[in-house]
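Taking this note's numbering, the leading residue of the sequence shown gets 5, the next gets one more, and so forth.
Reading through the structure tokens given below for one structure.
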Amino acid sequence: MKTRSGVKCFVEYKTPGRDPLRRIALIIAVAVLTCGLAVAAEPVKKGGTPVVLLETSMGNIKVELYPDKAPISVKNFLVYVKEGHYDGLIFHRVIRNFMIQGGGFTPEMKEKRAAHPPIKNEAGNGLKNERGTLAMARTAVVDSASAQFFINVVNNEFLNHANETPQGYGYAVFGKVIEGMDVVDKIRNVPTGTVRMFQDVPKEPVAILKASVVRP
């Protein structure tokens, strides 16, 4: 199995939390209560492929989803967005020349468990893990993706579907950043360190203040 900090980094960790980071937690709490007002100013648009807005502590990121290529992954992601699962979580794993991953941990590095069963891996849909694409994180088990996702910051060919084996199945791409790649690049360059068993954790939490559907 390739690791490069690598495929193993997409494990959905099962560990206890650390001491609260009160300042960032307060920022998130306020933002979650107020950023809904900002979103309301941007009307939901109908037609075309779904678009999700990720409001982060470093700026906004818009991602377009591909239900024609990855219907299971897109439906799953939209369910978690609409349920508010991502609001207040962080990008907990950031590797400058690889990807940024989020959707599973609080600023205190406490896991927020997925509310729904794992989904079928759609890595064989023809979409590639290229810079700016959005893909499902998972464990070493092929069909184990749930709520966590990552954004590729470079072309990661070794994550693409190669064959039907567990080692070669790959990671399912289901969308792409259409606005805010500059924000993604800011996130990829933040200082990181180790928290207990976790490597590549941003020293200053990068929060997902709110995730919302802006085009259904």
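The C-beta atom is built at its ideal place from N, Cα and C for all residues, glycine as well.
- The DSSP-derived three-state label of K116 is coil.
- Residue pairing from DSSP places I212 in a beta bridge opposite T60, L93.
- In this structure, the straight-line span from the alpha carbon of L58 to that of G128 is close to 26 Å.
- Between the stretch 74 to 82 and the stretch 172 to 180, the count of C-beta pairs closer than 8 Å reaches three or more; the two stretches touch.
- Beta-bridge partners of L138 (DSSP): I155, G179.
- By the C-beta density criterion, R117 is exposed, having fewer than 16 other C-beta atoms within 10 angstroms.
- Here R219 carries a strand assignment [DSSP, helix/strand/coil].
- Under DSSP, the beta-bridge partners assigned to L69 are G179.
- With respect to the C-alpha of K207, the residue from D189, R97, G88 having the closest C-alpha is R97.
- DSSP places M201 outside both helix and strand once states are collapsed to three, so it counts as coil.
- Under the criterion of beta carbons closer than 8 Å, Q203 and F154 do not qualify as touching, at roughly 15 Å.
- Excluding the 5 residues flanking it on each side, V158 has same chain C-beta neighbours closer than 7 Å at N101, F102, R135, in chain order.
- Using a Cβ distance threshold of 8 Å, Y173 and N125 count as a contacting pair.
- With respect to the C-alpha of F81, the residue from I99, E183, G108, T60 having the closest C-alpha is G108.
- G106 sits in a strand when the DSSP states are folded into three classes.
- Closest in C-alpha terms to V199, from the list Y70, R192, P111, L93, comes P111.
- N164 counts as buried, since no fewer than 16 other beta carbons sit within 10 angstroms of its beta carbon.
- Excluding sequence positions up to five before and after K79, its CB lies within less than 8 Å of the CB of P71, all in the same chain and listed in chain order.
- Taking each of T169, V67, F95 in turn and checking the Cα distance to N193, the smallest one comes out for F95.
- Annotation: P170 to S148 spans about 11 Å, alpha carbon to alpha carbon.
- In the three-state DSSP reduction, I123 falls in the coil class, being neither helix nor strand.
- Rounded to whole angstroms, the separation of the alpha carbons of E183 and N64 is 8 Å.
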